[in-house]
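>
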Amino acid sequence: MRTPMVAGNWKMNMTVEGARGLVFSMSAPLRELKGVEVVLCPPFTCLQAVHALLEGSDIGLGAQNMYWEEKGAFTGEVSPMMVKELCGYVILGHSERRTRFGETDETVNRRLLAARKADLTPIFCVGETLEEYESQRTSEVVRRQIARGLAGLDSVFAPRVVVAYEPVWAIGTGKASTGENANGVVQRDIRAGLAELFGKPTADAIRVLYGGSVTSTNAAEFFSQEGIDGALVGGASLKADDFIGIARAAASG
Ligand code: PGA
262 MRTPMVAGNW KMNMTVEGAR GLVFSMSAPL RELKGVEVVL CPPFTCLQAV HALLEGSDIG
322 LGAQNMYWEE KGAFTGEVSP MMVKELCGYV ILGHSERRTR FGETDETVNR RLLAARKADL
382 TPIFCVGETL EEYESQRTSE VVRRQIARGL AGLDSVFAPR VVVAYEPVWA IGTGKASTGE
442 NANGVVQRDI RAGLAELFGK PTADAIRVLY GGSVTSTNAA EFFSQEGIDG ALVGGASLKA
502 DDFIGIARAA ASG
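Taking our numbering, I'd label the letters of the sequence shown as residues 262 to 514.
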């Protein structure tokens with residue numbers, strides 16, 4: 262059985278003060294939920310403050326990206342060990358990193374292998390752009406992202422990876438995919454691609470989340486799908502009630 266996960270990607274939002282307020286208003290109801298792994302991914306500057314507030318809870322903390330080198334002359338970058346000091350998780354290959362900051366399957370793969378080395382749980386994002394979707398290239402794109410992004414990863418660590426299927430056209434647009442459409446991609450392309458890399462039993466143990474305009478209103482539609490194990494939430498993770506509602510929809514009690 263795969264434990265559902267709901268992860269909040271705050272993106273480039275929140276000052277330390279704002280982060281403290283948001284965590285303060287969410288943490289009590291989130292702490293009560295059973296059967297769901299909840300992870301918050303604030304910007305780097307808020308990690309320490311959020312880490313302090315989450316101390317002693319089961320709520321996980323994640324970074325939104327990291328570089329693969331251990332240390333050195335890489336101005337502006339953050340290393341796996343720096344992330345590991347505060348976090349258990351790291352988002353890798355988010356479409357905003359790919360489309361706006363030039364990350365490729367190959368550089369995402371280097372980050373993934375570095376996460377493995379640092380013992381961080383990667384939340385590895387894949388998904389097609391609107392143009393790729395409209396030209397019916399979703400399968401090709403997602404399969405390539407899975408095969409190249411996870412290349413060289415051993416099957417001992419593979420079950421730790423969390424894959425997030427995020428169609429780029431659904432991110433921040435208010436136009437979510439449908440449960441059925443997302444599940445189709447997850448089963449047909451993502452799980453099949455994972456099985457090719459790691460074998461079916463390992464692929465079956467890997468959690469796959471949906472992301473893209475998830476709200477407390479549409480979350481249950483995604484969570485009821487067989488292949489979908491939770492959500493990576495952007496905009497709605499900045500609103501306490503919405504995020505709690507989404508986490509509740511994924512929880513078993
Ligand atoms: P959204 O973002 O929920 O605001 O669409 C999702 C994401 O980018 O992870």
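Yeah, the Cβ is synthetic: ideal placement off N, Cα and C, and Gly gets one too.
(1) Would you say ALA497 touches the ligand PGA, meaning its beta carbon is less than 7 Å from a heavy atom?
(2) Relative to the ligand PGA, is the shortest distance from any of its heavy atoms to the C-beta of ASN326 smaller than 7 Å?
(3) Taking 8 Å as the cut-off, decide whether the C-beta atoms of GLY388 and TYR350 are in contact.
(4) Which residues does DSSP pair with CYS302 in a beta bridge?
(5) Three or more beta-carbon pairs under 8 Å between the segment 408-418 and the segment 441-453, yes or no?
(6) In angstroms, rounded to a whole number, what distance separates the CA positions of ARG404 and HIS355?
(7) Compare the beta carbon distance of LEU458 and ALA408 with 8 Å and say whether it is the shorter of the two.
(8) Sorted by chain position, which residues of the same chain lie with C-beta nearer than 7 Å to GLU393's C-beta, five sequence neighbours on each side aside?
(9) State buried or exposed for PRO303, treating a residue as buried only when at least 16 other CB atoms are found within 10 Å of its CB.
(10) Quick one: grab the DSSP three-state call for TYR426.
(11) Go ahead and label GLU367 buried or exposed: buried means 16 or more other beta carbons lie within 10 angstroms of its beta carbon, across all protein chains shown.
(12) Count the C-beta pairs between the segment 309-321 and the segment 329-342 that are closer than 8 Å, then say yes if the count reaches three, no if not.
(13) Could you tell me the boundaries of the alpha helix (DSSP H) in which VAL446 lies?
(14) Going by DSSP, which residues form a beta bridge with THR382?
(15) Just reading off the alpha helix (DSSP H) that LEU391 is part of, what are its end residues?
(16) Is the CB-CB distance between MET266 and VAL300 below 8 Å?
(17) Let me check you understand the geometry: is the CB of ASN370 closer than 7 Å to at least one non-hydrogen atom of the ligand PGA?
(18) Give the DSSP bridge partners of GLY491, in chain order.
(19) Would you mind stating whether ARG281 and ALA310 have Cβ atoms separated by less than 8 Å?
This is what the structure holds:
(1) In the sequence shown, counting from the first residue as 1, residue 497 sits at position 236. For the ligand PGA, at least one heavy atom lies less than 7 Å from the Cβ of ALA497.
(2) Taking the first residue of the sequence shown as 1, we reach residue 326 at position 65. No.
(3) As a working mapping, residue 388 is identified with position 127 in the sequence shown. As a working mapping, residue 350 is identified with position 89 in the sequence shown. In this structure, GLY388 keeps its C-beta atom at 8 Å or more from the C-beta atom of TYR350.
(4) Here residue 302 is taken as the residue at index 41 of the sequence shown, counted from 1. Bridge partners of CYS302: ASN270.
(5) Contact between the segment 408-418 and the segment 441-453 is absent, because fewer than three Cβ pairs lie under 8 Å.
(6) On the sequence shown, residue 404 is found 143 positions in, with the first residue counted as 1. On the sequence shown, residue 355 is found 94 positions in, with the first residue counted as 1. Looking at the two C-alpha atoms, the distance is approximately 16 Å.
(7) Working through the sequence shown from its first residue, we reach residue 458 at position 197. Working through the sequence shown from its first residue, we reach residue 408 at position 147. Yes, they are a contact pair.
(8) Locating residue 393 in the sequence shown gives position 132, counting from the first residue. Closer than 7 Å at Cβ, skipping near neighbours: THR399, VAL402.
(9) As a first step, residue 303 is located in the sequence shown; it is residue number 42 there, counting from the start. PRO303 is buried by the Cβ-count criterion.
(10) Taking the first residue of the sequence shown as position 1, residue 426 is located at position 165. Strand, per DSSP.
(11) Against the sequence shown, residue 367 aligns to sequence position 106. By the neighbour-count rule (16 or more Cβ atoms within 10 Å), GLU367 is not buried but exposed.
(12) no
(13) Looking up residue 446 in the sequence shown gives position 185. First-last of the alpha helix (DSSP H) with VAL446: 440-446.
(14) Taking the first residue of the sequence shown as position 1, residue 382 is located at position 121. BP columns for THR382 point to TYR350.
(15) As a working mapping, residue 391 is identified with position 130 in the sequence shown. Unbroken alpha helix (DSSP H) run through LEU391: 391-395.
(16) One-based indexing of the sequence shown puts residue 266 at position 5. One-based indexing of the sequence shown puts residue 300 at position 39. Closer than 8 Å, so yes.
(17) Taking the first residue of the sequence shown as position 1, residue 370 is located at position 109. Not a single heavy atom of the ligand PGA lies less than 7 Å from the C-beta of ASN370.
(18) Position 230 of the sequence shown, counted from the first residue, corresponds to residue 491. In the DSSP output, where bridge partners are listed per residue, GLY491 has MET266.
(19) As a first step, residue 281 must be located in the sequence shown, where it is residue number 20. As a first step, residue 310 must be located in the sequence shown, where it is residue number 49. Against a cut-off of 8 Å, the Cβ pair of ALA310 and ARG281 comes out as a contact.
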